[in-house]
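Numbers -11 to 308, taken from this note's numbering, label the letters of the sequence shown in order.
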Amino acid sequence: MLVKSKKATDHVKDLEETFSVLRKYKLKLNPAKCAFGVQGGRFLGFMVTQRGIEANPLKIRAIIDMKAPTCLSEAQRLTGRIAALNRFISKSAKKSLPFFKTLRKAKTFEWGTPCQLAFEELKTYLARLPLLVKPSPGETLYLYLSAAPQAVSSVLIREEDGKQLPIYYVSKVLNGVEGRYTSIEKMALALVVTARRLRPYFLSHPIGVRTNTPLKQTLGKPDTSGRLVKWAVELSEYDISYLPRTTIKAQALADFVLKMTEMTIKETSQDQKWLLHVDGSPRHKAVVSALSSQHHRVKTLSSPSNSILKPPTMKRSMRP
-11 MLVKSKKATD HVKDLEETFS VLRKYKLKLN PAKCAFGVQG GRFLGFMVTQ RGIEANPLKI
49 RAIIDMKAPT CLSEAQRLTG RIAALNRFIS KSAKKSLPFF KTLRKAKTFE WGTPCQLAFE
109 ELKTYLARLP LLVKPSPGET LYLYLSAAPQ AVSSVLIREE DGKQLPIYYV SKVLNGVEGR
169 YTSIEKMALA LVVTARRLRP YFLSHPIGVR TNTPLKQTLG KPDTSGRLVK WAVELSEYDI
229 SYLPRTTIKA QALADFVLKM TEMTIKETSQ DQKWLLHVDG SPRHKAVVSA LSSQHHRVKT
289 LSSPSNSILK PPTMKRSMRP
């Protein structure tokens, strides 16, 4: 049990109210295990201070001082220690993916280069874990989503005086069929997973989802797939709005949004080459090529005769 007061002058009054409730239900406390008038301390495995919620230094040190696992049980111990700090780690599932792949090989244990690199990067990240904050009652909270080929992640934040402060990080490794979801389905899954895990926040706060994907339109379509309809119904009980993604301002969130942006650029900047079948008319080729290239962002189109159709040539061909 934790009794926290914003002002020192209110602390005694808050304690009196707490003790009256304990007496009412005939509950007793062990004085040897109680601490009064402190500015911070461990609570439920975390450090609660006047600044906010911090990771337990002992749990961080346990991973930083840990040597590279040499057997399956040691790898399991590592993933268990990471799980205890999940809420503080941006994209923890993606950072831990090499470890989980190793655990899936039940017969043989192999700690390869990908695992060692991920292990070292994790230790570096743990040395600068962000401070998590507590939201004010009823205020609007904002959610950033990210979807990778094998994991989905999110970060819930609050804004105060132009600053973006993290509240909770959520991450999930995709299993089986989830890995074959489309990009928009993975984003929807990230939202659903976050809503389930952070249900108390979603029930007591308006949530603004900041994304540049058509997530709202996809979940609102009557002809969507079965899973999307199910997710849309599940999310309908919350006060969720969808907003354009803004520039991230907090250093603690830079890692999350930077990797999300890099992934988006990589997916959309590939110079794809398409083969176009038409009736042979140069004007028809130009019109169809122009429309297709603009819609699909394809720089180069080829006809069956291997002639290259490019936007500048198309524009000239379309003139009367």
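Using N, Cα and C, we set each Cβ at its ideal position, and we do this for glycine too.
Given this structure, state the Cα-to-Cα distance separating isoleucine 172 from leucine 144, to the nearest angstrom.
19 Å
Which listed residue (Met35, Gly214, Gly150 and Leu3) has its alpha carbon closest to that of threonine 234
Gly150
Measuring straight from C-alpha to C-alpha, what distance separates lysine 89 and valine 26?
44 Å
Would you list the one or two residues that DSSP bridges to threonine 37?
Gly28
Please report the straight-line C-alpha distance between glycine 29 and glutamate 108, rounded to a whole angstrom.
29 Å
So what's lysine 151 in DSSP terms, helix, strand or just coil?
strand
Which word fits phenylalanine 31, buried or exposed, when buried means at least 16 other C-beta atoms lie within 10 angstroms of its C-beta?
exposed
Let me know the secondary structure DSSP gives leucine 144 once reduced to three states.
strand
What is the rounded straight-line gap between the Cα of isoleucine 41 and the Cα of leucine 110?
20 Å
Bounding residues of the alpha helix (DSSP H) (the contiguous stretch that carries leucine 131):
Per DSSP, leucine 131 belongs to no alpha helix (DSSP H); it is in the beta strand (DSSP E), 129 to 135.
Starting from the C-beta of proline 194, find all residues in its chain whose C-beta is less than 6 Å away, skip the five residues before and the five after it, and write them out in chain order.
Thr128 and Asp227
Lysine 86 and alanine 106 look like a contact to me (Cβ under 8 Å); what is the Cβ gap, rounded to whole Å?
Correcting the residue identity first, residue 86 is proline in this sequence and not lysine. So it is a contact: roughly 4 Å between Cβ atoms.
My understanding is that serine 142 touches alanine 178, with C-beta atoms under 8 Å, so please give their C-beta distance in whole angstroms.
5 Å
Would you mind stating whether glycine 196 and serine 229 have Cβ atoms separated by less than 8 Å?
yes
Integer Cβ distance of valine 121 from isoleucine 77, believed to fall under 8 Å:
That belief does not hold up - the Cβ atoms of valine 121 and isoleucine 77 are roughly 16 Å apart, past 8 Å.
Rounded C-alpha distance that separates lysine -6 from valine 0
12 Å
Can you tell me which of the three DSSP states arginine 198 falls into?
strand
Would you tell me roughly how many angstroms separate the C-alpha atoms of arginine 92 and glutamate 98, rounded to the nearest one?
11 Å
Pairwise C-alpha distance: alanine 81 and tyrosine 113:
14 Å
In the DSSP assignment, what are the bridge partners of lysine 160?
Val140
Could you give the first and the last residue of the continuous beta strand (DSSP E) run that contains leucine 231?
228 to 231
So which of Gln104, Ile48, Arg185 and Asp2 has the shortest CA-CA distance to proline 118?
Ile48
State the start and end residues of the unbroken alpha helix (DSSP H) segment that holds phenylalanine 88.
80 to 92
Could you check if phenylalanine 88 belongs to the surroundings of the ligand SAM, using beta carbon to heavy atom distance under 7 Å?
The ligand SAM is not part of the structure shown, which contains no ligands of any sort.
Considering aspartate -2, what are the terminal residues of the alpha helix (DSSP H) in which it resides?
It is not in any alpha helix (DSSP H) - aspartate -2 carries neither H nor E in the DSSP assignment.
Cα-Cα, which of Lys83, Pro125 and Gln104 is closest to alanine 136?
Lys83
Less than 8 Å between the beta carbons of leucine 73 and alanine 43, yes or no?
yes
Could you pull out every residue in the same chain whose Cβ sits closer than 7 Å to the Cβ of proline 57, ignoring the five residues on either side in sequence?
Ala63, Leu66 and Trp99
Between the CA atoms of threonine 201 and glutamate 166 - distance to the nearest angstrom:
19 Å
What number of angstroms, rounded off, separates the C-alpha of lysine 218 from the C-alpha of methionine 54?
43 Å
Given this structure, state the Cα-to-Cα distance separating cysteine 59 from threonine 96, to the nearest angstrom.
9 Å
Note down, in chain order, each residue of its chain lying with its Cβ closer than 7 Å to the Cβ of arginine 39, except the 5 sequence neighbours on either side.
Leu119
Leucine 179 (DSSP reduced to helix, strand or coil):
helix
From the DSSP secondary-structure annotation, give me the bridge partner or partners of alanine 43.
Phe34
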